[in-house]
Amino acid sequence: MTLFRAAFGAVLLVASIDQTALATTQNVIFNGTIAPTCTLVVATNGTMTVSPDLQSLSSHNSGGSAGTVTLTTTGGVSLSVDPVTTTTVPSADSTSTTWTPTYSAAGAHSIVETGSATSISTPGADLVSVHLAGTKGGSNRFANGNYQATVTLRCE
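For the sequence shown, the residue numbers in mature numbering (1 follows the signal peptide of the UniProt record, and there is no 0) are -23 to -1, 1 to 133.
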């Protein structure tokens, strides 16, 4: 009986060698979700210069320059500047200053200079130019010394 089983198994083995295996396939699905995202990287800080009448200290004045920031986004975000809250002024400057931050962007998105929030709906990369202007009213003037102000560019 053992010999019969061995012989029968050998016959089945030889018969199945000539058979093609049945192929089967399955699909593997990949999912991914990207939330609205942006990154901001400061490329250069800005420079403010004073106007001839000493009532404007601005990156727009002759010799001044915008700060630049690289923006990369998935879209679905809003770009804005916060009001200036951090300033350093010389002790001789005791009068109030009105600080006005603005920005513009060029690249995948074209944003004309504004101080308001701008919605960005599509993905891309931009170079954002950030400006700051400080102004004095009436007969007030900027005093000599070092000035510094921080503008927060926000993408959310």
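Glycine is no exception: its CB is placed at the ideal position from the N, C-alpha and C atoms.
For a cut-off of 8 Å, the C-beta gap from glycine 44 to threonine 21 is around 6 Å, short enough to register as a contact. The segment 86 to 105 and the segment 23 to 36 do not touch, with fewer than 3 CB-CB distances between them shorter than 8 Å. If you check the CB distance, threonine 51 and isoleucine 11 come in under 9 Å. Non-local C-beta neighbours of serine 93 in its own chain, meaning closer than 8 Å and more than five positions away in sequence, comprise Ser57, ordered along the chain. Of the candidates Ser35, Gly23 and Pro60, Ser35 places its Cα closest to the Cα of glycine 111. Close CB contacts of serine 106 within its chain, under the 7 Å cut and outside five residues either way in sequence, are with Ala43, Thr45, Tyr80 and Ser81 (chain order).
Looking at the DSSP output, glutamine 125 shares a beta bridge with Thr65. Distance from the CA atom of cysteine 15 to the CA atom of serine 98, rounded to whole angstroms, is 12 Å.
Straight-line measurement puts the Cα of threonine 75 at about 24 Å from the Cα of cysteine 132. Close CB contacts of glycine 41 within its chain, under the 7 Å cut and outside five residues either way in sequence, are with Thr24, Met25, Thr26 and Ser35 (chain order).
Around the beta carbon of aspartate 59, fewer than 16 other beta carbons lie within 10 angstroms, which makes this residue exposed.
Aspartate 70 carries a coil assignment under DSSP once its states are collapsed to helix, strand and coil.
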